[in-house]
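Residue numbers (our numbering): 6 to 121.
Presented below is the structure to which this report refers.
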Amino acid sequence: SVCKDASYCGAACQKAGWRSHKKTCEPPLPLNAVMESLQAADAADDWRGVLKWKERMEELMEGQSDKIADVILSTFGRAHEVESNSTDIQANHHHCLALIALQERRVELLGKMERF
């Protein structure tokens, strides 16, 4: 699909699912628009608005300076931290695991930047 949100086992399944999927299928936002949306959500403490971009985090960090990459990691980390306190147990577990992974990446990055 154009949006890359849907995956199919083959061409026949894709063709069968297109009628319903085409209602919501849109090309992905350009990276600069994703970054603007992420920054606006962060400024407004809209943590779910931040997390909707988690699938594009690697793209956002690619080619950025270490300082900007750290800001991106910490933004997603704050979002997972806040959401872990306001969701059910299973979602809480997911957010905690994601936060740990993000913090490990930040430690690695900050070590590279010699901040530790």
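Virtual Cβ for every residue (Gly too), placed ideally from N, Cα, C.
Chain-order list of residues whose beta-carbon lies under 8 Å from that of residue i (same chain, five-residue window excluded)
{"i": "ARG110", "result": "LEU78"}
{"i": "GLY22", "result": "ALA11 and TYR13"}
Backbone CA spacing between residue i and residue j [nearest angstrom]
{"i": "LEU124", "j": "ALA106", "result": "Residue 124 lies beyond the range of the chain shown here (6 to 121); nothing can be said about it."}
{"i": "ALA46", "j": "ILE73", "result": "16 Å"}
{"i": "ASP71", "j": "MET118", "result": "7 Å"}
{"i": "ILE94", "j": "LEU102", "result": "12 Å"}
{"i": "GLN44", "j": "ALA96", "result": "24 Å"}
{"i": "SER12", "j": "ASP50", "result": "32 Å"}
Close Cβ partners of residue i (< 7 Å) along its chain, the five nearest in sequence each way excluded
{"i": "ASP75", "result": "ARG111, LEU114 and LEU115"}
{"i": "ALA104", "result": "The sequence as given places Leu at residue 104; Ala does not occur at that position. So the list reads GLY82, HIS85, GLU86 and SER89, once near-sequence residues are dropped."}
{"i": "VAL55", "result": "LEU43, ALA46, ASP47, THR80, PHE81 and ALA84"}
{"i": "LYS4", "result": "With the chain running from 6 to 121 in the structure shown, residue 4 is simply not present."}
Own chain, CB closer than 6 Å to residue i, minus 5 neighbours either side, in chain order
{"i": "HIS100", "result": "HIS85, GLU88 and SER89"}
Is the stretch 82–96 touching the stretch 55–62 in the sense that three or more CB pairs, one from each, lie closer than 8 Å?
Yes, the stretch 55–62 touches the stretch 82–96.
Does the contact criterion of 3 or more C-beta pairs under 8 Å hold for the stretch 28–48 versus the stretch 65–73?
Enough Cβ pairs lie closer than 8 Å, so yes.
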